[in-house]
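A.B. asks: Take this structure first; my questions come after.
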Amino acid sequence: MARTGIVGAGFGGLAMAIKALDAGHDVTVYEQSDEVGGTWSANTYPGAECDIPSALYSFSFEPYAEWPNKWSHQPVILDYLRHCADRYGVTSLIRFETTVTAAHWDGATWRVTSEHAGRTSSDEFDVVVSATGQLSRPRIPDIAGLDTFEGPRFHSARWDHDVVTAGKRIAVVGNAASATQFVPEITPDAAHVTVFQRSANWMIAKHDKDYSERWKALLRRFPLLGKVPRFWIWFRADALLFPLMKQRTRLRSLAEKRALDELHDVVADERLRKQLTPDYPMGARRILFSDTYYAALAEHDHLELETSPIERITADAVVTADGTEHPADVLILSTGFETTDYLSPITVTTDAGRCLNDDWRDGGAAAYLGTAVSGYPNLFFLYGPNTNLGHSSIVFMMECQVRLILALLDAADGRPVEVEAHAQAAYNREIQHRLDASIWGTVEESWYLTDGKITQNWPGRTIEFWRRTRRPRLADFGLSAG
1059 MARTGIVGAG FGGLAMAIKA LDAGHDVTVY EQSDEVGGTW SANTYPGAEC
1109 DIPSALYSFS FEPYAEWPNK WSHQPVILDY LRHCADRYGV TSLIRFETTV
1159 TAAHWDGATW RVTSEHAGRT SSDEFDVVVS ATGQLSRPRI PDIAGLDTFE
1209 GPRFHSARWD HDVVTAGKRI AVVGNAASAT QFVPEITPDA AHVTVFQRSA
1259 NWMIAKHDKD YSERWKALLR RFPLLGKVPR FWIWFRADAL LFPLMKQRTR
1309 LRSLAEKRAL DELHDVVADE RLRKQLTPDY PMGARRILFS DTYYAALAEH
1359 DHLELETSPI ERITADAVVT ADGTEHPADV LILSTGFETT DYLSPITVTT
1409 DAGRCLNDDW RDGGAAAYLG TAVSGYPNLF FLYGPNTNLG HSSIVFMMEC
1459 QVRLILALLD AADGRPVEVE AHAQAAYNRE IQHRLDASIW GTVEESWYLT
1509 DGKITQNWPG RTIEFWRRTR RPRLADFGLS AG
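What follows is the structure, encoded as structure tokens:
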């Protein structure tokens, strides 16, 4: 029975804990907040919702009949994760409000150091799984004068619900996924909202729909019925959306035309349409899904889109490069996350003198199937390097990784599991070569890139990742099938 320490209680950590318990592991989960859910516990801004339909953005082993609509909002997703943690006996194994600061391999076990309520403690594990995710640490932009703003200021991922936005002049820095969700929610009651846009986004309408009580009753009685929409959403994503991630595809012009047609249907103002039209190929940056953002910009005269770059921030205004002062009572940063520092704030070391933080600092994060790193036995990652997707559900990918980890541990039969250095190097050469043909490298800046290298995204379809993790190449770990 392996002593397994899991860092994080979001989708990845819960999936790992549930399946490790089922395999007979002794499980401990560390969670820095006071709640399960990860990003779905932290992001409570108005209108927060997932951009993957819930039938696919959920565990394959736990179908859910209570989704109120096709694209579920944050409170419902959080309730689902609470439900899963309780049903599978994980909640009692979680050390809440506990931050892991270090993990050290002594040649036989991992010693994990953590802090809780000002106290430091350490525990020994045979296996450590990092499930901290990529969307947990808000990115604060380097803008002159940011700290001089005298009104309420917060990042959308740390929404301050004590701040009243009604009747206020609100400045929103950033216009990506979070902003497109909360801006339509706060605009009607605000005195004025200015969204500062650095670049336009490709956006596709969700065409969301509510699920009827009859449909939910059928799912409660026949849970396997939920597999049908799940399969259809997954299949369409791999068949129709994935080609947009390649540089050359006949589907791009059709998809771009559809998106621009939807923009023209909603936004009549020609100047505003021009501001909202991207100047890069669809797929190069994250594609957004919204039924409300364009409509809010078109309908509300007190909602303004500003495309002149921000020069500085003063005590009560945002000043743009054209010299215009935009008065503001509240400043909301919707500037994304620190996505490429997979370990922060954990220091990972070994008795052999290795430090994973240093290994990844220069060349960028790299791992075999985004899961294992040579030189660090029995250490695994969920949602690790090159597992992010531009077209489908990361929950699918993490379930594949969980299955891979447990299969490797089972094959090792108590021996440490470590990917061979040559196998990891060959794998990452393959991945980077394939990424050269992707659309992601055609722009100079996006959250997919680290110093020009694509460390985030998986270059293939999800079915390929499923196949490669379902039957791992044991020889790449020095293991044999027999």
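For the sequence shown, the working numbering gives the first residue as 1059, with consecutive numbering after it. Idealized CB from N, CA, C, for every residue including glycine.
Starting from the C-beta of Leu1072, find all residues in its chain whose C-beta is less than 7 Å away, skip the five residues before and the five after it, and write them out in chain order.
C.D. replies: Residue mapping note: residue 1072 aligns to position 14 of the sequence shown, counting from 1. Taken in chain order, the residues that qualify are Val1094, Leu1139, Cys1142, Ala1143 and Val1148.
A.B. asks: So, for Asn1486: in the same chain, excluding its five sequence neighbours on each side, which residues have a beta-carbon less than 6 Å away from its beta-carbon?
C.D. replies: Residue numbering aside, residue 1486 sits at position 428 when the sequence shown is read from its first letter. Only Ala1424 meet the Cβ criterion.
A.B. asks: Over the uninterrupted alpha helix (DSSP H) stretch that includes Val1019, give me the two end residues.
C.D. replies: It is not possible to answer for residue 1019, since the shown part of the chain is limited to 1059 through 1540.
A.B. asks: Looking at Leu1151 and Thr1086, is the spacing between their C-beta atoms short of 8 Å?
C.D. replies: Here residue 1086 is taken as the residue at index 28 of the sequence shown, counted from 1. Here residue 1151 is taken as the residue at index 93 of the sequence shown, counted from 1. Closer than 8 Å, so yes.
A.B. asks: Closest to Glu1457 by C-alpha separation, out of His1250, Met1074 and Ile1135, would be which residue?
C.D. replies: Taking the first residue of the sequence shown as 1, we reach residue 1457 at position 399. Closest option to Glu1457, Cα to Cα, is Met1074.
A.B. asks: Assuming Ala1317 contacts Met1340 (C-beta within less than 8 Å), just tell me the rounded distance between them.
C.D. replies: By 1-based counting over the sequence shown, the position of residue 1317 is 259. By 1-based counting over the sequence shown, the position of residue 1340 is 282. The Cβ separation is near 7 Å, so the contact holds.
A.B. asks: Select from Ala1470, Phe1523 and His1491 the residue whose C-alpha is nearest the C-alpha of Met1059.
C.D. replies: For the purposes of this step, residue 1059 is taken as the residue at position 1 of the sequence shown. Checked all of Ala1470, Phe1523 and His1491; the closest Cα to Met1059 is Ala1470.
A.B. asks: Can you tell me which of Thr1393, Gly1433, Leu1389 and Thr1429 puts its alpha carbon nearest to the alpha carbon of Ala1410?
C.D. replies: Here residue 1410 is taken as the residue at index 352 of the sequence shown, counted from 1. When only C-alpha atoms are compared, the closest one is Gly1433.
A.B. asks: For Trp1163, collect the residues of the same chain with a Cβ closer than 6 Å to its Cβ; drop the 5 residues on either side in sequence, then sort them by chain order.
C.D. replies: Looking up residue 1163 in the sequence shown gives position 105. The answer, listed in chain order, is Thr1408.
A.B. asks: Rounded to a whole number of angstroms, what is the C-alpha to C-alpha distance between Pro1242 and His1250?
C.D. replies: Position 184 of the sequence shown, counted from the start, is the residue given in the question as residue 1242. Position 192 of the sequence shown, counted from the start, is the residue given in the question as residue 1250. Going from the Cα of Pro1242 to the Cα of His1250 covers about 12 Å.
A.B. asks: So, for Tyr1542: in the same chain, excluding its five sequence neighbours on each side, which residues have a beta-carbon less than 6 Å away from its beta-carbon?
C.D. replies: The chain is shown only over 1059 to 1540; residue 1542 falls outside these bounds and no answer can be derived.
A.B. asks: Given that a residue counts as buried once 16 or more other Cβ atoms are within 10 Å of its Cβ, and exposed if not, what is Lys1077?
C.D. replies: As a position in the sequence shown, residue 1077 is number 19, starting the count at 1. The residue is buried, with at least 16 neighbouring Cβ atoms inside 10 Å.
A.B. asks: What are the boundary residues of the beta strand (DSSP E) that includes Ala1160?
C.D. replies: Within the sequence shown, the letter at position 102 stands for residue 1160. First-last of the beta strand (DSSP E) with Ala1160: Thr1156 to Trp1163.
A.B. asks: Please confirm whether Ser1172 and Thr1190 have their CB atoms less than 8 Å apart.
C.D. replies: Taking the sequence shown and counting its residues from 1, the one referred to as residue 1172 is at position 114. Taking the sequence shown and counting its residues from 1, the one referred to as residue 1190 is at position 132. Contact flag unset, no.
A.B. asks: Could you check the C-alpha separation between Thr1252 and Val1230 for me, to the nearest Å?
C.D. replies: Start at 1 with the first residue of the sequence shown, and residue 1252 comes out as number 194. Start at 1 with the first residue of the sequence shown, and residue 1230 comes out as number 172. Each residue's alpha carbon lies about 6 Å from the other.
A.B. asks: Measure from the alpha carbon of His1219 to the alpha carbon of each residue in Asp1420, Arg1331, Ala1100 and Asp1200, then state which is nearest.
C.D. replies: In the sequence shown, the residue the question calls residue 1219 occupies position 161. The candidate whose alpha carbon is nearest that of His1219 is Ala1100.
A.B. asks: For Asn1127, write down the residues that DSSP places opposite it in a beta bridge.
C.D. replies: Start at 1 with the first residue of the sequence shown, and residue 1127 comes out as number 69. Its beta-bridge partners are Asp1268.
A.B. asks: Am I right that Gly1096 and Phe1119 are in contact with their C-beta atoms under 8 Å? What's the rounded C-beta distance?
C.D. replies: Here residue 1096 is taken as the residue at index 38 of the sequence shown, counted from 1. Here residue 1119 is taken as the residue at index 61 of the sequence shown, counted from 1. Contact doesn't hold; Cβ gap of about 18 Å is too wide.
A.B. asks: Relative to the C-alpha of Thr1372, which residue among Ala1166, Pro1210 and Ala1160 is closest?
C.D. replies: Position 314 of the sequence shown, counted from the start, is the residue given in the question as residue 1372. For Thr1372, the nearest C-alpha among the options comes from Pro1210.
A.B. asks: Go ahead and label Trp1290 buried or exposed: buried means 16 or more other beta carbons lie within 10 angstroms of its beta carbon, across all protein chains shown.
C.D. replies: Translated into the one-based positions of the sequence shown, residue 1290 becomes position 232. Flag for Trp1290 reads exposed.
A.B. asks: Using 8 Å as the threshold, is the C-beta distance between Val1388 and Lys1128 below it?
C.D. replies: As a working mapping, residue 1388 is identified with position 330 in the sequence shown. As a working mapping, residue 1128 is identified with position 70 in the sequence shown. It is not a contact, given that the beta carbons lie outside the stated cut-off.
A.B. asks: Which residue from Leu1462, Ser1504, Arg1473 and Gln1490 puts its Cα closest to that of Gly1448?
C.D. replies: Walking along the sequence shown from the start, residue 1448 turns up at place 390. The candidate whose alpha carbon is nearest that of Gly1448 is Ser1504.
A.B. asks: According to DSSP, is Ile1497 helix, strand or coil?
C.D. replies: Stepping through the sequence shown from its first residue, residue 1497 is reached at position 439. Three-state DSSP puts Ile1497 in a helix.
A.B. asks: Given Val1453, which residues of its chain have a CB within under 6 Å of its CB, disregarding the five upstream and five downstream residues?
C.D. replies: Sequence index remark: in the sequence shown, residue 1453 carries index 395 (1-based). So the qualifying residues of the chain are Phe1069 and Tyr1115.
A.B. asks: Can you grab the Cα-Cα spacing for the pair Lys1315 / Gly1105, in whole Å?
C.D. replies: Taking the first residue of the sequence shown as position 1, residue 1315 is located at position 257. Taking the first residue of the sequence shown as position 1, residue 1105 is located at position 47. Those two C-alpha atoms are separated by around 27 Å.
A.B. asks: What alpha helix (DSSP H) runs, 4 residues minimum, are completely inside the region 1065 to 1130?
C.D. replies: The qualifying runs are 1069 to 1080 and 1097 to 1100.
A.B. asks: Quick one: what's got a C-beta closer than 7 Å to Trp1179's C-beta in the same chain, skipping five residues either side?
C.D. replies: By one-based count along the sequence shown, residue 1179 stands at place 121. Inspection of the sequence shows that residue 1179 is occupied by Ser rather than by Trp. Cβ neighbours of Ser1179 beyond the five flanking positions: Ser1172.
A.B. asks: To the nearest whole angstrom, what separates the beta carbons of Ile1198 and Thr1393, a pair I think is in contact under 8 Å?
C.D. replies: Within the sequence shown, residue 1198 is the residue found at index 140, counting from 1. Within the sequence shown, residue 1393 is the residue found at index 335, counting from 1. So it is a contact: roughly 7 Å between Cβ atoms.
A.B. asks: Under 8 Å between the Cβ atoms of Val1186 and Ala1160?
C.D. replies: As a first step, residue 1186 is located in the sequence shown; it is residue number 128 there, counting from the start. As a first step, residue 1160 is located in the sequence shown; it is residue number 102 there, counting from the start. Contact: no.
A.B. asks: Spell out a yes or no on whether the region 1281 to 1288 and the region 1255 to 1263 are touching, meaning 3 or more CB-CB pairs, one atom from each, closer than 8 Å.
C.D. replies: No contact exists between the region 1281 to 1288 and the region 1255 to 1263.
A.B. asks: State the Cα-Cα distance for the pair Gly1428 and Ala1379, rounded to the nearest angstrom.
C.D. replies: If you number the sequence shown from 1, residue 1428 lands on position 370. If you number the sequence shown from 1, residue 1379 lands on position 321. Spanning the two alpha carbons is a distance of roughly 41 Å.
A.B. asks: Taking the straight line between their C-alpha atoms, what separation do you get for Asp1327 and Asp1359?
C.D. replies: Sequence index remark: in the sequence shown, residue 1327 carries index 269 (1-based). Sequence index remark: in the sequence shown, residue 1359 carries index 301 (1-based). About 12 Å.
A.B. asks: Which residues share a DSSP beta bridge with Gln1489?
C.D. replies: Here residue 1489 refers to the residue found at position 431 of the sequence shown. Note that residue 1489 is Ile in the sequence shown, not Gln. Note: Ile1489 sits in no beta bridge, so no partner.
A.B. asks: Taking Phe1395 and Gln1239 to be in contact with their CB atoms under 8 Å, please state how far apart those CB atoms are, rounded to whole angstroms.
C.D. replies: For the purposes of this step, residue 1395 is taken as residue 337 along the sequence shown, with counting starting at 1. For the purposes of this step, residue 1239 is taken as residue 181 along the sequence shown, with counting starting at 1. In fact, because the Cβ distance is near 15 Å, the residues do not count as touching under 8 Å.
A.B. asks: So, with DSSP's three-state summary, where would you put Ile1371?
C.D. replies: What you label residue 1371 is simply residue 313 of the sequence shown in a count that begins at 1. Looking at Ile1371 - three-state DSSP - the assignment turns out to be strand.
A.B. asks: Quick check on DSSP: helix, strand or coil for Glu1328?
C.D. replies: Here residue 1328 refers to the residue found at position 270 of the sequence shown. The answer is helix: DSSP assigns Glu1328 an H, G or I state.
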